[in-house]
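Structure, as structure tokens:
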Amino acid sequence: MEFKVAVFCSILLWCLSSISLADEVQVTVKGVTSIAKTDDNFICATLDWWPSNKCDYNQCPWGKAGLLNLDLNNEILINAIKAFDSLRIRIGGSLQDQVLYEVGTAVKKCSDFRKENGGLFGFSKGCLTMEKWDEINYLFKQTGKIGLFEE
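Under mature numbering (1 follows the signal peptide of the UniProt record, and there is no 0), read the sequence shown as residues -22 to -1, 1 to 129, first letter to last.
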């Protein structure tokens, strides 16, 4: 026990001495040109593509929060979106490059994301059905918000 106390005190003293060695600095940034402007009220939220079985470290936080599983008719969600005056809703995220869009006859089978060794972030390609697209579009119309898709 005495050894642990001695080690703790040594570490504490070392940390305190490191703090006294710190220098105060002042940084000035002089912007010459702006590359973009955003209005003061700009707020953006992202609806991500993660499937419910996206897990890290034995934690699966996404549940039904990913775009393909999300209940877009949920009144709480709709009212929360309406509460932000200038909200933009970004449709995208990590799996964006893996999304197929069920438009026309190009996509023969519109499948959900599934775990796949060697796939981007460990997942296969996934598909946005026209039915889900209609739900997303209706959400934008119902809330009066702007939707942005990543390229």
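Here a beta-carbon is modelled for each residue, glycine too, at the ideal position from N, C-alpha and C. Bear in mind that the values here come from a model prediction, so they are computed numbers and not experimental data.
- Between Trp27 and Leu45, the beta carbon gap of about 6 Å places them in contact (Cβ cut-off 8 Å).
- According to the DSSP secondary-structure assignment, Ile21 is paired through a beta bridge with Leu65.
- Each residue's CA atom was taken as its position, placing Ile21 and Lys15 some 13 Å apart.
- Going by C-alpha positions, Gly71 is about 7 Å away from Thr24.
- For the set Glu128, Gln37 and Phe118, the Cα lying nearest the Cα of Ala58 is the one of Phe118.
- For Lys93, the secondary structure class from DSSP, reduced to helix, strand or coil, is strand.
- Ranked by Cα distance from Asn47, the options Val81, Asp1, Val10 and Glu113 are led by Glu113.
- Beta-carbon to beta-carbon, Leu65 and Phe99 are separated by about 27 Å, too far to satisfy the 8 Å threshold.
- The shortest CA-to-CA distance from Glu94 to any of Thr107, Tyr116, Ala43 and Lys32 is the one to Lys32.
- Judged by DSSP in its simplified three-state form, Asp112 adopts helix.
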